[in-house]
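Heads up: the protein sequence lines correspond to chains F and X, in order.
The first sequence maps to residues 693 to 1186 in this note's numbering.
The second sequence maps to residues 693 to 1186 in this note's numbering.
For each residue, glycine too, the CB sits at the ideal point set by N, CA and C.
Model, not experiment: these values are computed from the prediction.
First the structure, in the form of structure tokens, and then the observations on it.
Number of protein chains: 2
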Amino acid sequence: MLRVKRLPIDTYPDNTAFILRRSDGYSAEQFQALRKIRVTGDSCEILATLAVVDDDKIIGNGEIGLGEQAFRRLGLPEGAEVEIAQARRPASLEFVRRKIDGDSLGEAEIGAVIRDIANYRYSPMEIGAFLVACASFMSTQETLALTRAMLDVGSRLSWDSPLVVDKHCIGGIPGNRTSMIVVPIVAAHGLICPKTSSRAITSPCGTADVMEVLAQVDLSSEQMSSIVKKENAVLAWGGRMNLSPADDVLISVERPLRLDQFEQMVASIISKKVAAGSTHLVIDIPVGPTAKVRTQGDAVRLRKLFEYVARHMGLVTKIVFTDGSQPVGRGVGPVLEARDVMAVLRNEPDAPEDLRDHAVALAGHMLDFDPALEGGKGYSRALELLASGEALAAMERLIDAQGRNPAKPELGRLRREVEATKAGTVTSIDCERIARIARHAGAPMDQGAGIDLLHKVGSTVREGDALYRIYANSATGMGFACEFAGEGSGYEIG
Amino acid sequence: MLRVKRLPIDTYPDNTAFILRRSDGYSAEQFQALRKIRVTGDSCEILATLAVVDDDKIIGNGEIGLGEQAFRRLGLPEGAEVEIAQARRPASLEFVRRKIDGDSLGEAEIGAVIRDIANYRYSPMEIGAFLVACASFMSTQETLALTRAMLDVGSRLSWDSPLVVDKHCIGGIPGNRTSMIVVPIVAAHGLICPKTSSRAITSPCGTADVMEVLAQVDLSSEQMSSIVKKENAVLAWGGRMNLSPADDVLISVERPLRLDQFEQMVASIISKKVAAGSTHLVIDIPVGPTAKVRTQGDAVRLRKLFEYVARHMGLVTKIVFTDGSQPVGRGVGPVLEARDVMAVLRNEPDAPEDLRDHAVALAGHMLDFDPALEGGKGYSRALELLASGEALAAMERLIDAQGRNPAKPELGRLRREVEATKAGTVTSIDCERIARIARHAGAPMDQGAGIDLLHKVGSTVREGDALYRIYANSATGMGFACEFAGEGSGYEIG
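In structure tokens:
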């Protein structure tokens, strides 16, 4: 028996346990570093990676140190007695191994893997192995099984309505912040739209990151319910809702590995939307040479996969291919994108047109789900709600209901412009490159970091004209961003 | 600038750096946990995973704590000044990503990945992603490129002889400890055979683990050279020689993930053999229903891959398919296998016949490389050297030259027999299951742990007869092994 000691060491997302090398009753051989151990207390258990300590000032004999993450997950107080044992490999790792060998897995097998992942029984390395093995080949059946498994391990929200609409964009296009315009429009119309969004995975920011500039997004299910009851809608971060605990763990590995596979994307999105209680979903798939989806063929393959999985999960979908040839709007990064969104909602004359047009089109598709609006009338209704200021009013009410951010985050203090090296017309802007420069600058962690695009495709520039401005608050971030932009601005001028 | 402090915390194989959350000049946002940082000192640099500490008794303001692994790899004294920065992703991770997407990689790309891996720039998760991506598909060209890349990042040994023989078994068959019989035979004949072996990867023990029961195996290149000069041969652990630093890192991930792909196996073996200075190599591929290679088709595929890569690396090979239908010999585990090997070399009447026959056949193939022995005479020469005691004498000299182990490790104190649940004839023994039971018992870390097979295929047993005896020194290990054996003994009786 060892006594739990909370060690103020944060090793997120890993559970780490610290034990003295010469702790009574345990030999060094038995508990080598990197060996996983099982820590068992009264009716609770976690797996942890073991760090072996040679200094009894850090951890004493008879004690087990748990890092912040492990301490929280075990849920016992300091001094509680636990037993440790060499962890048995989760049995489901055999299925991962079979997947690596090229087998297809059945529903029970995928379910077992996902349950173990959601219960933190896999190391990041093991999760990575599962994801990469799935990336090499995954059948539609497996994708459906993965979706069901992810739904099964999470909580579900339910809304007292036969029509709960939602939209989702698969991402990849910087500045494409339509949700924050679409949701107030459909809410103003009277549809129920409890939108949960993620934070950025591989992009410089997600909708939750941008909404957070304006309002609280870290809401409980109860807060969400009461806001939806009053305002028809909400724009919340989905992570708090435990809608897909497995996905949250998967993302912690997908992010550093920059994995973004169709099958995992479909399973993640559909499981979360069903868990959030949506019945009707518009999915936006931008297609373009530097977007996530680059060819018509890939777009169709992805659409079919979405339709197959959604149909079997009882979700009505409308899938829209949109122009993903360049960033949407001007700003890229939380503060900058919030600025663009509000400019559209406020009908400001210089609000980015492409962002407005794109958002209105999507809102139209969502309004078309309303049986009261006969076929195709959604679009004009959406335009009307935006122009009249009803959408803006709905957004302001949403911000107040969620809790307006008193901090008013500002643009980064450090600014640098990237200039055209020759005169001509902008012929293309590389979405991936712009996204990576904005990430290097510090977005989304640094809310004020990002890129403000001063020219878009078709614009005429002179040599030395500023193409875009980089914002950052840290010199390191600005350094990385400029270095990276120096290797290639992302703009082509012809 | 931060001052290096050595923290007595072992997180092998990860580099871990500990920093106070509120350290001057750094914000929590900049250095979140799991973020990788670059630690740069005077002409040296490492990447490390960051752990954020909230207690200045563990690490003070202005200090950076380096775990044992990281401290050793950075190579600076305590108090040395270093700078830290958010690590830029190794550029070669883009190639890993492309491999995940299904691309084939070129020689320069694989070279870049392997250099970064050998320089500890990848996390275990990233290494796992590379390995699993390669497991899904790898061309022969890529396998050759991987072999060259692994050779290029390591040291090489050279021997003053045009004929340097070696043998390698791909493993998977418990108890198949032929090297320790073959090497003394060919050394007694006068061939140069500087054998480097690995420790167990996924098996209950490797040749280095077994040889270590008898003698020192952790030898420097210099020690190895002087032993080979005197004794023609050596039986050393290859890890110390830095022959394939990349492979050592890869193995640290392959082991917990239990990866064992043909392509990685071929690259690992051929690069190490070339690095060790071998010119002629016998490769033993056991084929059987529970071996690593299960069908004739797979065996042929693997042989062709070995031949292709070896030919391009200038290595002469002779590839032998052997019977991998059941374990070889009786003991499985370091002490038990050392016992069997010595019984064969001593010509003891009850020495395991299958181990002897197998070893003599392989030694014969190696002796056939000697131009002085005309075609096919190797086999009878091998028999002669074993029967005459010359091989035993060579082994005893080798043990003395390497440094006889004064400890004489003994069999595990804890013993349990697994009994036949019915009478009949043993029709098969599952190699994989026997190996896993022996690993659960504690082999190879616990040298005395393992399994002693009391019956082999074809043996007649009564109900209640002991099929095998499990040895262990830890109650936990014995518990796991018995539990696992209880789920299936690995024996079929018909």
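Runs of beta strand (DSSP E) with 3 or more residues, each lying fully within the region 804-833 of chain X, are absent.
Below 8 Å, too few C-beta pairs join the region 1100-1110 of chain X and the region 888-898 of chain X to call them touching: fewer than three.
For the region 931-956 of chain F, the set of positions with a beta-carbon nearer than 9 Å to some beta-carbon of chain X reads S944, V945, P948, L949, R950, L951, Q953 in chain order.
For the region 799-824 of chain F, the residues whose beta carbon sits under 9 Å from a beta carbon of chain X are, in order, S815, P816, M817, E818, I819, G820, A821, F822, L823, V824.
Here F/T899 is not bridged, per DSSP, to any residue. A Cβ of chain F is located within less than 9 Å of the beta carbon of X/S828. The Cβ atoms of X/Q778 and F/T1168 lie closer than 9 Å to each other.
Annotation for X/L1103: V1027, G1140, Y1163 place their beta carbon closer than 6 Å to its own, counting only its chain and skipping 5 residues before and after. DSSP places X/I961 inside the alpha helix (DSSP H), whose first and last residues are 954-967. X/E1029 counts as buried, since at least 16 other C-beta atoms from the protein chains shown sit within 10 angstroms of its C-beta.
Given a length threshold of 4 residues, each whole run of the alpha helix (DSSP H) inside the region 1060-1084 of chain X is given here in chain order: 1070-1079. Counting only residues of its own chain and dropping the five nearest sequence neighbours on each side, X/A880 has a CB closer than 6 Å to the CB of L1077, E1082, A1083, A1086. 9 Å or more divides the Cβ of X/V974 from the Cβ of X/K887. Residues of chain X whose Cβ lies closer than 8 Å to the Cβ of F/V1153 do not exist, since the nearest Cβ in that chain is about 30 Å away.
The C-alpha of X/R1022 lies about 17 Å from the C-alpha of X/T982. Among the CB atoms of chain F, one or more fall inside 9 Å of the CB of X/A743. At a Cβ-Cβ threshold of 9 Å, X/L843 and X/M1005 count as neighbours. Secondary structure of F/D1032 (DSSP, three-state): helix. Spanning the alpha carbons of F/N1039 and F/R947 requires a straight line of approximately 36 Å. In the DSSP assignment, F/I756 falls within the beta strand (DSSP E) that extends over 755-758.
F/T741 carries a strand assignment under DSSP once its states are collapsed to helix, strand and coil. Non-local beta-carbon contacts of F/R891 in its own chain, meaning distances under 6 Å to residues more than five positions away in sequence, involve G898, A900, D901 in chain order. Setting aside the 5 residues that flank it on each side, X/T1117 is surrounded in the same chain by G1150, S1151, T1152, V1153, I1185, G1186, each with a C-beta closer than 8 Å to its C-beta; the list follows chain order. Our two residues, X/T1014 and X/N811, have alpha carbons roughly 38 Å apart in a direct line.
Closest by C-alpha distance to X/V1008, out of X/V856, X/G752, X/P782, is X/V856.
The continuous stretches of alpha helix (DSSP H) do not include F/V1149, and DSSP gives it neither H nor E. In this structure, F/I711 places its C-beta atom within 9 Å of the C-beta atom of F/V745.
Contact annotation: X/K984 and X/D1032 have beta-carbon atoms that are not nearer than 9 Å.
The Cβ atoms of F/T839 and F/S963 sit closer than 9 Å to each other. Within 10 angstroms of the beta-carbon of X/S831 lie fewer than 16 other beta-carbons, which makes it exposed.
Around the beta carbon of X/G1156, fewer than 16 other beta carbons lie within 10 angstroms, which makes this residue exposed. Ranked by Cα distance from X/Y1071, the first of X/K749, X/A1064, X/A1055, X/F1061 is X/A1055. In the DSSP secondary-structure assignment, X/R1131 is not bridged to any residue. With a threshold of 9 Å between beta carbons, X/G1140 makes no contact with chain F.
Annotated as proximal: F/V1052 and F/A1074, with beta-carbon spacing under 9 Å. Within the region 877-905 of chain X, contact with chain F at the beta-carbon level (separation under 8 Å) is assigned to no residue.
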